[in-house]
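Single-structure report; data block below.
Residue numbers (my numbering), protein chains in the order written: chain A, 336 to 482; chain B, 205 to 613.
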């Protein structure tokens, strides 16, 4: 059996496995909420869409509005969100964005250690999205549910 | 220029350290990143790879880089990176333009780049210059050959790219680049191909190099299986130019035209991430033809079709914020149709082990404080296929030890 055939068979198996597994569970119980600027034209996002946004793959909400992400610098919150939704540890997420920055493919998203300042940033930037601890004061922004 | 780059990087790093920990410097909307890597390498005395060290070790082993990016408008940004590295006989800390391009992202599935763009080969080629972005000091060499860092890493031209969601089937990320491969005649790659086109009749030194229109492509499938992605990448190019051949019988020099013809390089990559564990595997195929014509009818033209392949498996595990371990096993074969090395051994030209490379590596990575990475790495290698300098004297079983410290901002 040639190595090429092994690879083709592996890809075929992965495709079947992916279709069989289907969606992951849509129930995400977490200590964070996803927030967005009030001008963002969506009220809910799938886990896959949030993952694509925070990996820099999805860059527009619709045909007009660009996405701007911001990252909270709170250890447990960051770890919880990244492992639950994005599928990366904080170290892997940092490396992912560093690779984009060191190849010129993207500018680094802004990060905030102060949650109030993060919410203020999201409220003031069109198209902005981030996540904060559940229970954070978020009147000036919209909460995005994860479907 | 070298001192200027070092000064720039050092100054920027110093400014970065003088503020609270940040991911980048920002000066008037220009985002600045950089890295300084200094290492020490020691190999078995007879095996010069990739730094000549006579078995005593060498500090001629560093990388410096600084890049600048600026957002010009919605979805539009420009950037560039200056880079220098040293490996003793090549690199020599010569400052080069590593990448420089304008980038406009129209929407999720379509973006455009124009300028000097890194080639997306395999899991690591695009970002291989910054040691802090991976576990290992030396990646599996066939796919990420250190001698090719000055040439087969970028395309001068344009590219299209994008991300296409497939719903429950995951996401496809693609890139297609078209342009010229800006190879240099006085670097490691030129030394490599000059060595490959040297024969028992004449050795060849490359003096001039250019490429035809080349294509690089990348197709990544982020599968619906959490943590699993696969990548299919490739590079297609032809390089040619002039050289000076030295006849082995009497030492006379002769002009030569050479061609590294129709290189088709394909890589298949698989990566699985489960929490702090990352497993990956890559397979590479290279097909190309080497041709040399001499301006001396006494020297027969050289024509050789090559079909190499290589594979590797890797595992890394991060124990905590400051400690990570990685290991890989890698095999390369000069002739994938005769992996026993008999192709040239049967002509009495080389020993079979000159035609393969089998490398077992172990790396300890430490992140003692933010922005600093220290690595210790050991390789046990069987075979000498990737050795370019002092090839004839190289030992079959040998070791490589390396350590490196990187400051990044």
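Using N, Cα and C, we set each Cβ at its ideal position, and we do this for glycine too. Note that the structure is predicted; figures quoted are calculated from it, not measured.
Below 9 Å on C-beta distance, what does residue 369 (chain B) contact in chain A?
Locating residue 369 (chain B) in the second chain gives position 165, where the first residue counts as 1. 383, 384, 387, 392 and 393, listed in chain order.
- Task: Spell out whether any CB of chain B is found under 9 Å from the CB atom of residue 423 (chain A).
- Result: Against the first chain, residue 423 (chain A) aligns to sequence position 88. At least one chain B Cβ lies under 9 Å of residue 423 (chain A).
Practice task
Answer yes or no: do residue 272 (chain B) and residue 321 (chain B) have a C-beta to C-beta separation smaller than 9 Å?
Solution key: Indexing the second chain from 1 puts residue 272 (chain B) at position 68. Indexing the second chain from 1 puts residue 321 (chain B) at position 117. Going by C-beta atoms, residue 272 (chain B) is not nearer than 9 Å to residue 321 (chain B).
Using beta carbons (cut-off 9 Å, strictly below), is residue 442 (chain A) in contact with chain B? As a working note, residue 442 (chain A) is residue 107 in the first chain. Closer than 9 Å: yes.
**OP:** For the stretch 469-549 of chain B, list the alpha helix (DSSP H) runs that are entirely contained and at least 4 residues long, ordered along the chain.
**Re:** Runs of the alpha helix (DSSP H) inside the stretch 469-549 of chain B: 546-549.
Fill in: Residue-chain proximity (residue 434 (chain A), chain B), Cβ-Cβ < 9 Å
Residue 434 (chain A) sits at position 99 when you count from the first residue of the first chain. Residue 434 (chain A) counts as touching chain B.
Could you tell me whether any Cβ in chain A is nearer than 9 Å to the Cβ of residue 289 (chain B)? Sequence index remark: in the second chain, residue 289 (chain B) carries index 85 (1-based). No, because no Cβ of chain A sits closer than 9 Å to the Cβ of residue 289 (chain B).
Contacts around residue 356 (chain A), its chain only, beta-carbon distance under 8 Å, and the 5 residues preceding and following it disregarded: Locating residue 356 (chain A) in the first chain gives position 21, where the first residue counts as 1. Since pLDDT at residue 356 (chain A) reaches only 48, below the 50 mark, its modelled position is unreliable, and no value is offered.
- Task: Excluding the 5 residues preceding and the 5 following residue 466 (chain B) in the sequence, name in chain order all residues of the same chain whose CB lies nearer than 7 Å to its CB.
- Result: Looking up residue 466 (chain B) in the second chain gives position 262. Excluding sequence positions up to five before and after residue 466 (chain B), its CB lies within less than 7 Å of the CB of 442, 492 and 493, all in the same chain and listed in chain order.
Minimum C-alpha distance to residue 435 (chain B) - residue among B:477, B:469, B:376 and B:388: Start at 1 with the first residue of the second chain, and residue 435 (chain B) comes out as number 231. For residue 435 (chain B), the nearest C-alpha among the options comes from B:376.
**Request:** Mind listing the chain B neighbours of residue 456 (chain A)? Cutoff is C-beta to C-beta under 8 Å, in chain order.
**Result:** Locating residue 456 (chain A) in the first chain gives position 121, where the first residue counts as 1. Here the premise fails: no neighbours, minimum Cβ distance about 15 Å.
| message | So with CB distances below 7 Å, who are the chain A contacts of residue 281 (chain B)? | response | In the second chain, the residue the question calls residue 281 (chain B) occupies position 77. At a C-beta separation below 7 Å, residue 281 (chain B) has these neighbours in chain A: 442.
query: Which residues, taken in chain order from the stretch 336-347 of chain B, show a beta carbon closer than 7 Å to some beta carbon of chain A?
result: Answer in chain order: 337.
Answer yes or no: does any C-beta atom of chain A fall closer than 9 Å to that of residue 237 (chain B)?
Taking the second chain and counting its residues from 1, the one referred to as residue 237 (chain B) is at position 33. At least one CB of chain A lies nearer than 9 Å to the CB of residue 237 (chain B).
Taking the continuous beta strand (DSSP E) assigned at residue 604 (chain B), which residues delimit it?
In the second chain, counting from the first residue as 1, residue 604 (chain B) sits at position 400. Where residue 604 (chain B) is concerned, the enclosing beta strand (DSSP E) stretches over 601-612.
Would you say residue 323 (chain A) reaches chain B, if we count a Cβ-Cβ gap shorter than 9 Å as a contact? This structure leaves residue 323 (chain A) out entirely; chain A is present only between 336 and 482.
Practice problem: Indicate whether residue 288 (chain B) and residue 307 (chain B) have their beta-carbon atoms separated by less than 9 Å. | Solution: Counted from its first residue, the second chain places residue 288 (chain B) at position 84. Counted from its first residue, the second chain places residue 307 (chain B) at position 103. The answer is no: Cβ separation not under 9 Å.
Could you spell out where the beta strand (DSSP E) holding residue 281 (chain B) opens and where it closes? Working through the second chain from its first residue, we reach residue 281 (chain B) at position 77. Annotation: the continuous beta strand (DSSP E) that includes residue 281 (chain B) extends over 280-290.
| said: Give me, in chain order, the residues of the same chain whose beta-carbon lies closer than 7 Å to that of residue 556 (chain B); leave out the 5 immediate sequence neighbours on both sides. | reply: The residue labelled residue 556 (chain B) in the question sits at position 352 within the second chain. Hits under 7 Å: 544, 545, 546 and 549.
| Across which residues does DSSP place residue 430 (chain B) in a beta bridge pair? | In the second chain, counting from the first residue as 1, residue 430 (chain B) sits at position 226. Beta-bridge pairing links residue 430 (chain B) to no other residue.
Exercise. Can you pull the DSSP bridge partners for residue 367 (chain B)?
Worked result: Against the second chain, residue 367 (chain B) aligns to sequence position 163. Under DSSP, residue 367 (chain B) takes part in a beta bridge, and its partners are B:377.
Exercise for review: Examine the Cβ distances between the stretch 446-457 of chain A and the stretch 398-412 of chain A and report whether three or more of them are shorter than 8 Å.
Suggested key: The stretch 446-457 of chain A is in contact with the stretch 398-412 of chain A.
If you run the structure through DSSP and keep just helix, strand and coil, what is residue 360 (chain A)? For the purposes of this step, residue 360 (chain A) is taken as the residue at position 25 of the first chain. Because residue 360 (chain A) carries a pLDDT of 41, less than 50, the predicted location of this residue cannot be relied on, and the following value inherits that uncertainty. Residue state, collapsed to three classes: coil.
Min CB distance residue 439 (chain A) to chain D below 9 Å:
No chain D appears in this structure, whose protein chains are A and B.
* When the Cβ atoms of the stretch 333-349 of chain B are set against those of the stretch 464-478 of chain A, are three or more pairs found closer than 8 Å? -> No, the stretch 333-349 of chain B does not touch the stretch 464-478 of chain A.
Discussion item. For residue 567 (chain B), report the span of its beta strand (DSSP E) as first-last.
Written reply: On the second chain, residue 567 (chain B) is found 363 positions in, with the first residue counted as 1. Segment 560-570, the beta strand (DSSP E) holding residue 567 (chain B).
_In chain order, each alpha helix (DSSP H) run of at least 4 residues that lies wholly inside the stretch 399-454 of chain A_ = List check, alpha helix (DSSP H) in window: 410-416 and 425-437.
Sequence-distant residues of the same chain with beta carbon closer than 7 Å to residue 480 (chain A), five excluded per side: Residue mapping note: residue 480 (chain A) aligns to position 145 of the first chain, counting from 1. Only residues of its own chain outside the window of five on either side were considered, and among them 378 and 379 have a CB closer than 7 Å to the CB of residue 480 (chain A), listed in chain order.
* Asked: For residue 367 (chain A), which residues from the same chain have a beta carbon less than 7 Å from its beta carbon, with the 5 sequence-adjacent residues on both sides left out?
  -> As a working note, residue 367 (chain A) is residue 32 in the first chain. Sequence-distant partners of residue 367 (chain A) (beyond 5 residues in either direction) whose C-beta falls short of 7 Å from its own C-beta, in its chain, are 412, 415, 416, 466, 467, 468 and 469.
| task | Scan the stretch 245-277 of chain B for residues whose Cβ lies nearer than 7 Å to a Cβ of chain A and list them as they occur along the chain. | result | Taking a C-beta cut-off of 7 Å against chain A, the contacting residues of the stretch 245-277 of chain B are 271, 273 and 275, listed in chain order.
Could you tell me how far apart the beta carbons of residue 365 (chain A) and residue 419 (chain A) are, in whole angstroms, since I believe they sit closer than 8 Å? One-based indexing of the first chain puts residue 365 (chain A) at position 30. One-based indexing of the first chain puts residue 419 (chain A) at position 84. At roughly 6 Å, the Cβ-Cβ gap stays under 8 Å, so residue 365 (chain A) and residue 419 (chain A) are in contact.
- Task: Tell me whether the beta-carbon of residue 577 (chain B) lies closer than 9 Å to the beta-carbon of residue 519 (chain B).
- Result: In the second chain, counting from the first residue as 1, residue 577 (chain B) sits at position 373. In the second chain, counting from the first residue as 1, residue 519 (chain B) sits at position 315. Cβ atoms of residue 577 (chain B) and residue 519 (chain B): not closer than 9 Å.
Check your understanding: Helix, strand or coil: how does DSSP classify residue 246 (chain B) here?
Key -> Here the question's residue 246 (chain B) lines up with position 42 in the second chain. Residue 246 (chain B) falls in the strand class under three-state DSSP.
**OP:** Look at the Cβ atom of residue 230 (chain B), then the Cβ atom of residue 264 (chain B), and state whether they are nearer than 9 Å.
**Re:** As a first step, residue 230 (chain B) is located in the second chain; it is residue number 26 there, counting from the start. As a first step, residue 264 (chain B) is located in the second chain; it is residue number 60 there, counting from the start. Result no, Cβ atoms of residue 230 (chain B) and residue 264 (chain B) do not sit closer than 9 Å.
- Locate the beta strand (DSSP E) running through residue 316 (chain B), then write down its first and last residues. Against the second chain, residue 316 (chain B) aligns to sequence position 112. Segment 314-322, the beta strand (DSSP E) holding residue 316 (chain B).
Q) Where does residue 348 (chain B) sit, in a helix, a strand or coil, going by DSSP? A) One-based indexing of the second chain puts residue 348 (chain B) at position 144. In the structure shown, residue 348 (chain B) adopts coil according to DSSP, grouped into three states.
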